[in-house]
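Visitor:
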Amino acid sequence: MFSHIMLGTDDMDASRAFYDAALGALGVPPGRSDPAGRTAYMHADGILMLSRPINGEPACHANGGTVGFAAPSAEAADAWHAAGIAAGGTAIEDAPGVRQSPFGPLYLAYLRDPAGNKVCAMHRIAA
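Residue 70 in the working numbering sits at position 70 of the sequence shown, with consecutive numbering throughout.
#1: Considering only residues of the region 61 to 112, which uninterrupted beta strand (DSSP E) runs meet the minimum length of 3 residues and lie entirely inside it, listed in chain order?
#2: Is it buried or exposed, residue 2, if we count other Cβ atoms within 10 angstroms and call 16 or more buried?
#3: Give the range of the alpha helix (DSSP H) segment to which residue 128 is assigned.
#4: With 16 as the cutoff for other CB atoms within 10 Å, does residue 123 come out buried or exposed?
#5: Note down, in chain order, each residue of its chain lying with its Cβ closer than 7 Å to the Cβ of residue 65, except the 5 sequence neighbours on either side.
#6: Do residue 70 and residue 7 have their C-beta atoms within less than 9 Å of each other?
#7: Is the distance from the Cβ of residue 91 to the Cβ of residue 22 below 9 Å?
#8: Between the alpha carbons of residue 12 and residue 33, how many angstroms are there, rounded?
#9: Return the bridge partner residues of residue 51 from the DSSP annotation.
#10: Which term fits residue 101, buried or exposed, when burial requires 16 or more other beta carbons within 10 angstroms of its beta carbon?
#11: Going by beta carbon distance, what residues of the same chain come within less than 8 Å of residue 45, once the five residues before and after it are set aside?
#12: Using a Cβ-Cβ cut-off of 8 Å (strictly less than) and excluding sequence neighbours within five positions of residue 77, which residues of its own chain qualify?
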């Protein structure tokens, strides 16, 4: 459904270290930078890009927004969470674990990245 997601950052080095580690735990290759200074994470399911805001204003996160990354297992979500914390992320909400939803049980792990964006690793548990 999505072609890409772009997140703003004021500290590209900190954001890149976080996403290289956290997404690396999910098997995503390290980010690649373009001549404009943006960093892209290419995956068969889409692209995540990091950029300093084009308008020159400070980056800010969306209140109520979350970017979710698919995890192939609960263990992969836990590895993502641990790698993200080790690379400058902050644990938020409940500890990683199973949550009941109208769509069935989900294994969720939440972090804030170094720029304050709310991100999540999600594994859909088979019924």
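Even glycine gets a Cβ: it sits at the ideal position worked out from N, Cα and C.
Guide: Short version:
#1: Within the region 61 to 112, the complete beta strand (DSSP E) runs of at least 3 residues are 67 to 70, 97 to 99 and 106 to 112.
#2: As a first step, residue 2 is located in the sequence shown; it is residue number 2 there, counting from the start. An exposed status is given to residue 2, since fewer than 16 other beta-carbon atoms sit within 10 Å of its beta-carbon.
#3: The displayed coordinates of the chain run from 1 to 127. Any statement about residue 128 would go beyond what the structure contains.
#4: Taking the first residue of the sequence shown as 1, we reach residue 123 at position 123. By the neighbour-count rule (16 or more Cβ atoms within 10 Å), residue 123 is buried.
#5: Position 65 of the sequence shown holds residue 65. Closer than 7 Å at Cβ, skipping near neighbours: 118.
#6: Position 70 of the sequence shown holds residue 70. Position 7 of the sequence shown holds residue 7. No, the Cβ-Cβ distance between residue 70 and residue 7 is not below 9 Å.
#7: Counted from its first residue, the sequence shown places residue 91 at position 91. Counted from its first residue, the sequence shown places residue 22 at position 22. Going by C-beta atoms, residue 91 is not nearer than 9 Å to residue 22.
#8: Counting from 1 along the sequence shown, the entry for residue 12 is found at position 12. Counting from 1 along the sequence shown, the entry for residue 33 is found at position 33. Here the alpha carbons of residue 33 and residue 12 stand approximately 10 Å from one another.
#9: Taking the sequence shown and counting its residues from 1, the one referred to as residue 51 is at position 51. Answer by DSSP bridge pairing, in chain order: 8.
#10: Residue numbering aside, residue 101 sits at position 101 when the sequence shown is read from its first letter. Exposed, because fewer than 16 other Cβ atoms sit within 10 Å of the Cβ of residue 101.
#11: Looking up residue 45 in the sequence shown gives position 45. Answer for residue 45: 70, listed in chain order.
#12: Taking the sequence shown and counting its residues from 1, the one referred to as residue 77 is at position 77. Spatial neighbours of residue 77 in its own chain (CB-CB distance under 8 Å, excluding positions within 5 residues in sequence) are listed in chain order as 71, 96, 107, 108, 109, 121, 122 and 123.
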